[in-house]
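What follows is a set of notes on a single structure, which appears directly below.
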Amino acid sequence: MHVIIGLGNPEFEFLGTRHNIGFDFINFLSKKWKIKIDEIKWRNEIGEGEIFFEDKKKNVLLVKPLTYMNISGEAVNELYKNLKIDLKNYVIVHDDLDLPVGGVQFIFNRGDGGHNGVKSIINNLNSNQFFRLRIGIGRPPIDIDPINYVLSPVPFHDRKIYKKAFNLAEDILKSFIFYGEQRAVSKSNKKGIY
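Structure follows, in structure tokens:
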């Protein structure tokens, strides 16, 4: 089984913000893959189901930690300890300031890149031996505080870009789940141009 974890803040006020791109992507997958996220376990909202690609099928678990972003690692660690699934079958999906809007990159075994949610996961697991799907939100203008930027709503004109980025990210995930790391990495689009 593969575990796909989208990072975000669970409270209503954070819905639709740049920092909740991970949650938005999990909701996108839930709808596209017809997997209901309807159970709460180990401080995570989860949904389990099967996905199909060509003549193959695989089991996946979609996850949204119910802790705040900056302590996501606590919920992810509880999930990991209880599921006992190899960490290399985990993919953490999160927003990334260092990629342009709509950029998508699939990576493994890296540092936190300044992302507090990823940092919390690495610290709680005491490992970075998991995959990450970075979805670019771009950098704010110089006169806007990065914290205010990530916690602000995604502008309407960026939503079309994210729709394309989410379709690419889903293709990358399926490539990873069914064919492995190399094919997934080769499909990354760090430029965010569609």
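Letter 153 of the sequence shown, counting from 1, is numbered 152 in numbering that gives the first Met the number 0, and no numbers are missing. Where a beta carbon is used, it is the ideal one built from N, C-alpha and C, also for glycine. Nothing here was measured: the structure is a model prediction, and the numbers come from that model.
Which value, in whole angstroms, describes the spacing of the CA atoms of residue i and residue j?
i           : j           : result
residue 181 : residue 175 : 8 angstroms
residue 72  : residue 142 : 31 angstroms
residue 146 : residue 54  : 45 angstroms
residue 70  : residue 51  : 33 angstroms
residue 179 : residue 82  : 21 angstroms
residue 109 : residue 96  : 16 angstroms
residue 128 : residue 87  : 6 angstroms
residue 32  : residue 15  : 21 angstroms
residue 13  : residue 136 : 15 angstroms
residue 126 : residue 74  : 15 angstroms
Check residue i in the structure and name its three-state DSSP category.
i           : result
residue 104 : strand
residue 176 : helix
residue 129 : coil
residue 171 : helix
residue 7   : coil
residue 120 : helix
residue 92  : strand
residue 149 : helix
residue 1   : strand
residue 134 : strand
Looking at residue i: is its Cβ nearer than 7 angstroms to the Cβ of residue j?
i           : j           : result
residue 25  : residue 5   : yes
residue 76  : residue 124 : yes
residue 103 : residue 111 : no
residue 90  : residue 155 : no
residue 65  : residue 92  : no
residue 85  : residue 18  : no
residue 200 : residue 101 : Given a span of 0 to 193 for the chain in the structure shown, any question on residue 200 remains unanswerable.
residue 20  : residue 160 : no
residue 49  : residue 56  : yes
residue 187 : residue 107 : no
residue 122 : residue 78  : no
residue 98  : residue 189 : yes
residue 67  : residue 8   : yes
Enumerate, from N- to C-terminal direction, the unbroken alpha helix (DSSP H) stretches of 4 or more residues contained entirely within the stretch 11-77.
-> 20-32
Do the stretch 136-151 and the stretch 32-46 touch if we need at least three Cβ pairs shorter than 8 angstroms?
-> With the cut-off at 8 angstroms, the stretch 136-151 and the stretch 32-46 do not touch.
With contact counted as at least three CB pairs below 8 angstroms, one residue from each stretch, are the stretch 54-65 and the stretch 3-23 in contact?
-> Touching, yes.
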